[in-house]
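Residue numbers (our numbering), protein chains in the order written: chain A, 7 to 333; chain B, 5 to 130; chain C, 290 to 660.
Following: one structure in structure tokens, then a few remarks.
As structure tokens, this is what we get:
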């Protein structure tokens, strides 16, 4: 068990490190501000400098602190760390094999997001309260649509186990057997709702601007703030992984047949999985850098009036496909 | 145009009805020469009429108090607070006559001629 | 948490906010989601610059003048010096006037470019900031080559300007401006055609002309509401009566029209600078300064009031002298002082997320409101 825990932690740290480096590079390229002159070496060493800086920051504490204020970052961070063990990286290596791993994943994510609400609520600061309320409203709006599109996928695959869903997408048709083609609407709804859910930090750093985007963390500084920020990155990685597994065939090969010999299959599967995650993260950063932030009420309108009906339509399409395939 | 301080409010009211609806600037100046003299300030109001595009300058001399014109011209609210803060002239019927720039417990009014920055208790020499 | 008896929530948005006017501390009262009352607090950057004018010589005070508003250094220097020159009864040589107009219009362009970046940053995009800062950097490099300083120049002197502009440098300014002209279309379309942007900025922060005159707001904020008041045409100073330029107005008075109007102003300023460059190329050998000893400025006793149209509005310098070499009373009428006051009227009725957008669209610089 300790071995699984260590492996999870190592995967999580590697994922966060990769995303931080990617984010700096992608955003600097898209913002027309080319990376610094030292190039690759500086880019790869920067996250370590950030960690050392966070350790050395003076932490400003309030006079009266309650237990929830100290516990909230842990409530945000731990479920997300646990969720790393649910992702299947390849066929042979699975840390866990639950039958309902998809539901468990979203349960853990919900606990984590509720933790942000606790963080804002226990800060005894009116601005944090407003930010926390916004987080909850976004959570509810996006999770409903995500839940229904996940439901459609699980009907088509016949199970809630992520590994089974991936295996159900494997066929000789390769790319065309994945679920994003018949359930295209569901994929779009999932992506947009996930972006809404992840829209809690500002450009990767939870700065307490009065645009109330990162305001729930207004009273946090030092390591507690670092935990909140890192869990933001982890959520991005996890959502990309689930999106890739559920709609894009996870670790499956897009050509249908394996290129490498038998004992190198796990390596090839992990490679394809990471490529898909990279492309999805890239698209998420592209959306973040090129569009201004929409207002909260417009986002909620979008969620309830557009995405929810579309996901229900998607569900109907999935049931139709099953019926036709059964006949 | 020089006007007595008691007739100022009525004059400005008449001008506002006549179309001078904008108070472009409001300047105060300390006219006293030596510290022993009585307080004497010169207030200058510059008004603007958007329809005829005309400017009008009104001057008045006050000693320590004058009627506030913030009910006529909204922009005079901060102007009068600033003048009270820096000169000490009190404006009657002002909704919120508090210091604007300096701290609440600052003693003295800096822009008066008898306020020497190097010699006062809370003075911060420039 | 403080609640009053009506259960409204009071939120203090403190002075340190990144890339917004720093130093503006606001206290808003929320009822549900809407703001009901907004109280700004000034005075956090009060430096007592008006008192300083009474302790320093005229030439000693000149570097301080440029620090009143760090983004409009040339405008304030021009207002101060023209008051002095008016009281001393001297007339600037033509070339000095053209050089002053050229540098002031370049200053206007750089101030608007900075506003552009800061405004779009409050909406959540980070890309336009880099583009506009890159363009602004080219202008600041021009200033550095010409005067030695990027934002605080010490270039104007009593009686003209410090050094001449060489003819080769005029060509460099010209190419820089044509570069900015090419990029302006990108800047404008970066936000203007984007539906998220238009839905966030249209019909927000509407300022009608009646309120604008009551709060004595001038400059772009007034022109976006529908009234055409430009002090370069109303009370022409320097050589503005010889140059041709339009003064556009918008009619809605919301955030979107202020945005479009400022981009238009950049184009007009580029045109003005090109006209000045044409004149300067044709009249190379004129005098650029009257060569007056700067330590010996003694204007005659009296009062002088000068009006300058800076990037944010009307700047008035009211100077009162009594024949010595120190000012008796120097008052600055700055545009941001009145815009901050109008916040208490403009902001109520919006939600907390619009607050940022409305404030940054008014182009407030707190250091000139506080002096």
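Beta carbons are placed, not taken as given, at the ideal position from N, Cα and C, and that holds for glycine.
Bear in mind the structure is a predicted one, so any value in this text is a computation, not a measurement.
Where residue i sits in the DSSP three-state scheme
i	result
residue 257(A)	coil
residue 605(C)	strand
residue 275(A)	helix
residue 208(A)	Residue confidence is low: residue 208(A) scores 46 on pLDDT, short of 50, so the model does not pin down where it sits. Its coordinate-derived value is still stated next. Strand at residue 208(A).
residue 440(C)	coil
residue 538(C)	coil
residue 478(C)	helix
residue 345(C)	coil
residue 491(C)	coil
residue 685(C)	Residue 685(C) lies beyond the residue range present for chain C, which begins at 290 and ends at 660; the question has no answer from this structure.
residue 53(B)	strand
residue 445(C)	strand
residue 105(A)	coil
residue 214(A)	In this prediction, residue 214(A) scores a pLDDT of 34, lower than 50, which makes its location untrustworthy; the coordinate-derived value is nonetheless stated afterwards. In the structure shown, residue 214(A) sits in coil (DSSP, three-state: anything other than H, G, I, E or B).
Contact with chain C by residue i, beta-carbon distance below 8 angstroms
i	result
residue 33(B)	yes
residue 298(A)	yes
residue 302(A)	yes
residue 77(B)	yes
residue 127(A)	no
residue 101(B)	no
residue 1(A)	Residue 1(A) lies beyond the residue range present for chain A, which begins at 7 and ends at 333; the question has no answer from this structure.
residue 87(B)	no
residue 196(A)	no
residue 74(B)	no
CA nearest to the CA of residue i, picked from the options
i	options	result
residue 315(A)	288(A), 147(A), 270(A) and 168(A)	147(A)
residue 256(C)	650(C), 349(C), 316(C) and 545(C)	Because chain C is modelled from 290 through 660, residue 256(C) falls outside the range shown and cannot be assessed.
residue 87(A)	111(A), 106(A), 77(A) and 66(A)	111(A)
residue 111(B)	98(B), 95(B), 96(B) and 91(B)	91(B)
residue 142(A)	326(A), 251(A) and 302(A)	302(A)
residue 103(A)	233(A), 114(A) and 168(A)	168(A)
residue 479(C)	502(C), 416(C), 555(C) and 547(C)	416(C)
residue 34(B)	472(C), 635(C) and 610(C)	610(C)
residue 192(A)	151(A), 10(A) and 123(A)	151(A)
residue 276(A)	100(A), 289(A), 48(A) and 49(A)	100(A)
residue 383(C)	598(C), 654(C) and 575(C)	575(C)
residue 73(A)	128(A), 83(A), 250(A) and 326(A)	128(A)
residue 549(C)	581(C), 578(C), 579(C) and 514(C)	514(C)
residue 163(A)	204(A), 251(A) and 239(A)	251(A)
residue 272(A)	171(A), 94(A) and 186(A)	94(A)
residue 55(B)	14(B), 16(B), 36(B) and 24(B)	24(B)
residue 253(C)	522(C), 582(C), 491(C) and 594(C)	The displayed coordinates of chain C run from 290 to 660. Any statement about residue 253(C) would go beyond what the structure contains.
residue 50(A)	71(A), 69(A), 32(A) and 26(A)	26(A)
residue 71(B)	106(B), 84(B), 104(B) and 89(B)	84(B)
residue 246(A)	29(A), 194(A) and 285(A)	285(A)
Within chain D, partners of residue i - CB distance below 8 angstroms
i	result
residue 659(C)	Any reference to chain D falls outside this structure, whose protein chains are A, B and C.
Residue-chain proximity (residue i, chain A), Cβ-Cβ < 8 angstroms
i	result
residue 324(C)	no
residue 298(C)	yes
residue 483(C)	yes
residue 654(C)	no
residue 575(C)	no
CB contact below 8 angstroms: residue i versus chain B
i	result
residue 554(C)	no
residue 356(C)	no
residue 542(C)	no
residue 318(C)	no
**Request:** Say whether the region 280-298 of chain A touches the region 306-316 of chain A, bearing in mind that this needs 3 or more beta-carbon pairs closer than 8 angstroms, one atom from each stretch.
**Result:** no
**Prompt:** When you check each C-beta in the region 414-440 of chain C against every C-beta of chain A, which residues fall closer than 7 angstroms?
**Reply:** 414, 415, 416, 419 and 420
**Request:** Count the C-beta pairs between the region 21-39 of chain A and the region 290-300 of chain A that are closer than 8 angstroms, then say yes if the count reaches three, no if not.
**Result:** yes
**Contact set between the region 314-330 of chain A and chain C, restricted to residues whose Cβ is under 7 angstroms from the partner** = none
**Prompt:** Does the region 498-506 of chain C come close enough to the region 363-375 of chain C that 3 or more CB-CB pairs lie under 8 angstroms?
**Reply:** With a cut-off of 8 angstroms, the region 498-506 of chain C and the region 363-375 of chain C do not count as touching, because too few Cβ pairs lie within range.
**Asked** Are three or more beta carbon pairs between the region 584-591 of chain C and the region 559-568 of chain C nearer than 8 angstroms?
**Response** Output reads no: the region 559-568 of chain C does not touch the region 584-591 of chain C.
**Prompt:** Between the region 498-527 of chain C and chain B, which residues of the former have a C-beta closer than 9 angstroms to a C-beta of the latter?
**Reply:** 498, 499, 500, 501, 502, 503, 504, 505, 506, 507, 516, 518, 523 and 524
**Asked** Going along the region 597-629 of chain C in order, which residues come within less than 9 angstroms of chain B, judged by CB to CB distance?
**Response** 603, 605, 607, 609, 617, 618, 620, 622, 626, 627 and 629
**Asked** Is there contact here, the region 518-533 of chain C with the region 608-625 of chain C, by at least three beta-carbon pairs under 8 angstroms?
**Response** no
**Request:** Using a Cβ-Cβ cut-off of less than 7 angstroms, list which residues of the region 135-153 of chain A approach chain C; keep chain order.
**Result:** 136
**Message:** Using a Cβ distance threshold of 8 angstroms, determine whether the region 75-84 of chain B contacts the region 23-38 of chain B, with at least three qualifying pairs required.
**Reply:** Contact annotation: the region 75-84 of chain B touches the region 23-38 of chain B, with at least three C-beta pairs closer than 8 angstroms.
**Message:** Would you call the region 632-644 of chain C in contact with the region 603-621 of chain C, where contact means no fewer than 3 C-beta pairs closer than 8 angstroms?
**Reply:** no
**Request:** Decide if the region 220-232 of chain A is in contact with the region 56-71 of chain A; the criterion is three or more beta carbon pairs, one per stretch, under 8 angstroms apart.
**Result:** yes
**Prompt:** How do the region 593-603 of chain C and the region 394-411 of chain C stand: do at least 3 beta-carbon pairs fall below 8 angstroms, yes or no?
**Reply:** Touching, per the Cβ criterion.
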